[in-house]
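Working notes, beginning with the structure itself.
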Ligand SMILES: NC(=O)c1ccc[n+]([C@@H]2O[C@H](COP(=O)([O-])OP(=O)(O)OC[C@H]3O[C@@H](n4cnc5c(N)ncnc54)[C@H](OP(=O)(O)O)[C@@H]3O)[C@@H](O)[C@H]2O)c1
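Numbering (this note's numbering), first residue to last: 29 to 262.
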């Protein structure tokens, strides 16, 4: 029986490249996102697309029931809100980004790890960000992603003895729709801060996610793979 992988935000950007990697192998893929316009694999028999808004954290238990047991969870969906400053950040906007970028992925870990524990196997990969490491001008994005990096460590410790690994990636700017929210000056500053003067290709990030979810040894657990082209060597 083929393994089952859930990719949140699998319809485009980094998530789409992750989906394409799993398509190369015999995986059953479930994607969760709000909008599949332009998704190139709508009719692929190995892919089930679910329309769901991850800001609805209370609905995640029903979503998990609909999905059923999975072997691999890729918590990739997320967004940022660069238009708000730390001292002018509407309460609703803050709550929304915390729901999508932190509370939903953590809740999905809680929900799907139950089945993984029963089967003694699971792989969980979270898409965090350099924003969670360096102090980011989009404060609540940075706070959410820092939370996700720490959740990765916490759940690696909680679940590691059950055959489940939990790791994450922390990319710097990647060439996806998310960059549409950044102004040109900020994008130029990001490029100037890396050694190749370009954004990451989504495939470069997806490759690390795919490895953490598949061939990565069990002993690698609780880590963050930095994908930042010397923006933040450590
Ligand atoms: N691009 C970068 O520079 C960069 C750098 C570091 C980390 N990241 C992280 O990488 C991940 C993927 O982003 P990306 O760069 O590939 O950008 P993207 O192309 O804009 O993709 C974002 C994904 O998240 C989904 N999503 C956003 N809000 C959602 C919601 N409320 N409910 C369900 N799905 C939602 C989107 O689908 P729908 O809009 O259709 O719902 C889309 O699939 C994010 O977690 C992001 O924070 C990106």
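The C-beta atom is built at its ideal place from N, Cα and C for all residues, glycine as well.
Taking Cβ positions, are residue i and residue j nearer each other than 8 Å?
| i | j | result |
| --- | --- | --- |
| residue 200 | residue 251 | no |
| residue 33 | residue 55 | yes |
| residue 126 | residue 172 | yes |
| residue 191 | residue 238 | no |
| residue 103 | residue 67 | no |
| residue 128 | residue 176 | no |
| residue 219 | residue 225 | yes |
| residue 107 | residue 168 | no |
| residue 246 | residue 229 | no |
With a threshold of 7 Å on Cβ separation, who are the neighbours of residue i within its own chain once the five nearest residues in sequence on each side are excluded?
| i | result |
| --- | --- |
| residue 30 | 54, 55 and 56 |
| residue 236 | 197, 253 and 255 |
Among the residues of its own chain, which have a CB less than 6 Å from the CB of residue i, if the five just before and after it don't count?
| i | result |
| --- | --- |
| residue 249 | 184, 188 and 193 |
| residue 240 | 153 and 195 |
| residue 37 | 43, 61, 104 and 105 |
| residue 58 | 34, 76 and 95 |
For residue i, which beta-bridge partners are listed by DSSP?
| i | result |
| --- | --- |
| residue 101 | 34 and 152 |
| residue 79 | 61 |
| residue 116 | 113 |
Can you give me the Cβ contacts of residue i inside the same chain, cut-off strictly under 8 Å, excluding the 5 residues immediately before and after it?
| i | result |
| --- | --- |
| residue 92 | 136, 139 and 140 |
Going along the chain, which unbroken runs of the alpha helix (DSSP H) with 4 or more residues stay wholly within the segment 123–211? 132–147, 159–162 and 167–187
Jot down the residue ranges of each uninterrupted beta strand (DSSP E) in the segment 36–71, minimum 3 residues, whole runs only, in chain order. 56–61
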